[in-house]
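Report on one structure; see the data block that follows.
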Amino acid sequence: MEYLVLEAKQTQVSKSFHSARWKRGYNPDLACVSSDIASRTEKEVLDPIPHTQHRPIAITVRSALQATTVPFRRRFNLQKADWLSFQQEIEHSISNIPPLPNNYSNFTDLVKRSARRHIPRGCQTQYIPGLSETSSDLLKAYYEEYNKDHLSSTTMELGETLMSEVGEERRKVWKEMIENTNMINNSRKAWATIRRLGEDHTTPPIITTVTANSVASQLVANGHNQHRRQPQENTIAQWYQTNHNQPALSPNPST
841 MEYLVLEAKQ TQVSKSFHSA RWKRGYNPDL ACVSSDIASR TEKEVLDPIP HTQHRPIAIT
901 VRSALQATTV PFRRRFNLQK ADWLSFQQEI EHSISNIPPL PNNYSNFTDL VKRSARRHIP
961 RGCQTQYIPG LSETSSDLLK AYYEEYNKDH LSSTTMELGE TLMSEVGEER RKVWKEMIEN
1021 TNMINNSRKA WATIRRLGED HTTPPIITTV TANSVASQLV ANGHNQHRRQ PQENTIAQWY
1081 QTNHNQPALS PNPST
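Plus 840 on top of the position in the sequence shown (first one is 1) and you've got our numbering.
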């Protein structure tokens, strides 16, 4: 059976061994998994074991299909709206509102109230693109087998079938979107589609070039004020001599 070696020298993975002598962390451990589940595994270094230099390593096997988490923002679903009932309710109730500027707020309240009744408004935080009714039933069966034994042959077969159906549905949606993209009739929508496809949603890693020694050196340099004025003696006597062109008077007349 083929195996895939998960590289331990990744920047995202914590060090699994900390040398007390060299005061540094290393990753001497290699985690191996089967090639069937290699794309669905994650390596995680757990908390250190007390009184030892080693940290345990855990391998998590994810499900074949992961839901995309979106923020909770309610929006009107205009495709499922009952526009006929919405129009009838507004036309029936608008006759009770006199056409005066002071009643504009009453009109807006009427529109909002009718929209809440006839236009669905909600948000689905867990979203899987390309999931149809057939694949939804298959997804439920896959989750049941996955909770029983995520490494069984039945779970693997259901996962492969589910991924193939969802992939085919996504391919159809992609094909329709490309075919409906027309640069002549609706260039704005076409360019918006191109920009959306060209965006890179991956977050680049933040590389910090500032070290602790440079921060300490800067703090020490800030503590030494190079433009500090030196204390001047006999300031009043020097000012009198400069402005009156006379020798400065001694503070003691007897001298």
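Note that beta-carbon positions come from the ideal geometry of N, C-alpha and C, so glycine has one too.
Judged by their CB atoms, GLN893 and ALA871 are not nearer to each other than the 7 Å cut-off. For ALA1056, the enclosing alpha helix (DSSP H) starts and ends at 1052-1063. Rounded to the nearest whole angstrom, the CA to CA distance from ILE1024 to VAL1013 is 21 Å. Secondary structure note for ILE897: it is in no alpha helix (DSSP H), and the uninterrupted beta strand (DSSP E) holding it is 897-901. Following the DSSP letters along the chain, one finds HIS891 in no beta strand (DSSP E), marked with neither H nor E. GLY999 counts as buried, since no fewer than 16 other beta carbons sit within 10 angstroms of its beta carbon.
Assignment of beta-bridge partners to TYR967 by DSSP yields THR908. Residue range 973-988 is occupied by the alpha helix (DSSP H) that includes ALA981. When rounded, the separation of the alpha-carbon atoms in GLY1007 and LEU940 is 56 Å. C-alpha of LEU1059 to C-alpha of SER856: approximately 34 Å in a straight line. LYS883 carries a strand assignment under DSSP once its states are collapsed to helix, strand and coil. Here the alpha carbons of GLY962 and GLN928 stand approximately 23 Å from one another. Here HIS990 has VAL901 as same chain residues with Cβ atoms under 7 Å from its own Cβ, once five neighbours each way along the sequence are excluded. Where ARG956 is concerned, the enclosing alpha helix (DSSP H) starts and stops at 944-958.
By alpha-carbon distance to GLN919, the top candidate from LYS980, ILE959, LYS883, PRO890 is ILE959.
With fewer than 16 other CB atoms across the displayed protein chains lying within 10 angstroms of its CB, LEU924 is exposed. Taking the Cα of THR908 as reference, the smallest distance to any Cα among GLY970, LYS1015, SER993 is reached at GLY970.
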